[in-house]
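Data first, discussion second: the structure below is written as structure tokens.
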Amino acid sequence: METDYEILESFLDGGLAPTEVQALAARLTAEPELAAVLDALRQERAVRQGMWQSLEPDEAAAQRFAQTVIRASRRRRVLSIIGRVTRGAVAAAACLTLGITTGWYVWGHPTGGPAGMNAVGTVTPHVVSNSTGPGAGGAGTYQVAITDENGNVVAVQKFSGLDEAREFAEDLGRYQERRLDVQDGKALLVSDRF
Amino acid sequence: MSSNESPVVPGVPEASNASNATEALFERAVATHSRRLLAIARAIVGTRASAEDVVQQALMNLYQHRARYDWREPGGLMRRAVVNEALRLLRQPRMGVVADDHPGRSDSPARGMIDRETVAKVRAAIERLPEHFRAALVLCEYENMAYTQIAEVLGASVPQVKTWLHRGRRQLAQMLRDLVEV
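Those sequence lines, one after another, are chains B and C. Just so you know, we're using my numbering here: the first sequence kicks off at -13 and counts up by one. Just so you know, we're using my numbering here: the second sequence kicks off at 6 and counts up by one.
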């Protein structure tokens, strides 16, 4: 019987193939009980149809709702445009700031950037720290700061031992003295090794 | 209404820029389909949520990604969005009961056949059905959708949809036996 119900419901839903419809029509003619069940299903469906239609709001209410949705979509569109313009302006300002800062650092800064790095002839190496903390680049790290004539740090060399750091600083100091002597004419440069 | 017309919604000025064709199509679709979408939402969520909230949320979700969709035939798209939003909402923790602001159209053609009390009983019975049964029933009987379309909207197979419809109808019949003379 459940199968018959399903067939009849599919028939009312328009879900049967033409051959199935023909077969059902033949059965409905031959089986009055089945035809009665079909009539009952039609009545149930009519009741439900009335219920479905009762769920519809009246036309005026539906149009008021549509206006609400349309206004909300227009508000969202305006907010979206404002958001895009604002994001664009912020991005442009950020680019401008970055460009000015970079230009100032590379070309406009009196001691920084490449100009400072070129003052290698006047560097002054010395051990400046013994960092052993977790954020200092490892346990027992010794740093040798190389500064120019104005005291600006132009490079930092790290060593794992104090002796290595001292040796590097002393070597660099001797190299610096030799270059100053060559510049002053006190010595003749025959080798760049020290 | 031809596809080139702008939406005519009382109290809402038309979209000013002709290049906003998608917006214009969206607005016309909203004006055209709201009534049936509200009925579908009400059938699925019953008194557990506001049908207006469900439809508005579904439509605004569509609007947010409006460029992705073809708005020339938006009926199926909007139905699917509303059904999914209604089912999503019902999966959330149980909410309070929402008062029914629209208890029924006074000019309903069914009014002469079925009295208000019967309609109320059927609505109460439908609300007791599992949510997927309700969704399948409203799409099948109110929207006259084919099984394959219902299956697509609900993300189910055709046999599953048939099962939901069959069980939903039998459970309803059980609940409403005294209303229909067999």
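Beta carbons: idealized from backbone N, C-alpha and C, even for Gly.
With fewer than 16 other CB atoms across the displayed protein chains lying within 10 angstroms of its CB, C81(B) is exposed. Excluding its 5 nearest sequence neighbours in each direction, A72(C) has C-beta neighbours in its own chain below 8 Å: T27, listed in chain order. Neighbours of S162(C) in chain B, taken as residues whose beta carbon is under 8 Å from its own, are absent, since the nearest beta carbon is some 14 Å off. If you check the CB distance, L(-2)(B) and L27(B) come in under 9 Å. Using a Cβ-Cβ cut-off of 9 Å, T54(B) counts as an interface residue toward chain C, since at least one Cβ of chain C sits closer than that to its own. F138(C) is not a Cβ neighbour of L94(C), given a cutoff of 9 Å. Here L14(B) is near L24(B), since their CB atoms are less than 9 Å apart. Taking CB atoms only, L64(C) has a neighbour in chain B less than 9 Å away. The C-alpha of E57(C) is placed about 24 Å away from the C-alpha of S66(B).
Per DSSP, T133(B) lies in no alpha helix (DSSP H); the unbroken beta strand (DSSP E) holding it starts and ends at T127 to T133.
Between the alpha carbons of R165(B) and L148(B) lies a distance of about 26 Å. Taking CB atoms only, F138(C) has no neighbour in chain B less than 9 Å away.
Beta-bridge pairing by DSSP links K144(B) to Q129(B). Rounded to the nearest angstrom, the Cβ distance from R84(C) to I49(C) is 11 Å, too far for a contact under 8 Å. Around the CB of S146(B), fewer than 16 other CB atoms lie within 10 Å, so the residue is classed as exposed.
At a beta-carbon threshold of 8 Å, none of the residues of chain B lie near V88(C); the nearest stands roughly 14 Å away.
Not a single C-beta of chain B is nearer than 9 Å to the C-beta of H70(C). Around the beta-carbon of Q69(C), fewer than 16 other beta-carbon atoms lie within 10 Å, marking it exposed.
Sixteen is the threshold: when 16 or more other Cβ atoms of the shown chains lie within 10 Å of the Cβ of D134(B), as they do, the residue is buried.
For A140(C), the uninterrupted alpha helix (DSSP H) segment begins and ends at E136 to L142. When the five nearest sequence neighbours on each side are left out, the beta carbons in the same chain lying within less than 6 Å of the beta carbon of A63(C) are those of A86, V87 and E90, in order along the chain.
Going by beta carbons, L10(B) and R47(C) fall outside the 9 Å limit. In its chain, beyond the 5 residues on either side, A130 have a beta carbon closer than 6 Å to the beta carbon of L177(C). As the crow flies, the alpha-carbon of S(-4)(B) is around 11 Å from that of T(-11)(B). Of the candidates M37(B), A12(B), T5(B) and V7(B), the residue whose Cα lies closest to the Cα of T123(C) is M37(B).
The closest CA to that of R53(C), considering only V163(C), L92(C), L159(C) and Q154(C), is found on L92(C).
Chain C has no Cβ within less than 9 Å of the Cβ of R70(B). Taking a Cβ-Cβ cut-off of 9 Å, the neighbours of R174(C) in chain B comprise Y(-9), E(-5), L27, E30, R31 and R34, given in sequence order. Taking L42(C) as reference, the option from Y147(C), P135(C) and R77(C) with the minimal CA-CA separation is Y147(C).
Contact annotation: V60(C) and V55(B) have beta-carbon atoms nearer than 9 Å. Interface criterion not met: the Cβ of T52(C) is under 9 Å from no Cβ in chain B.
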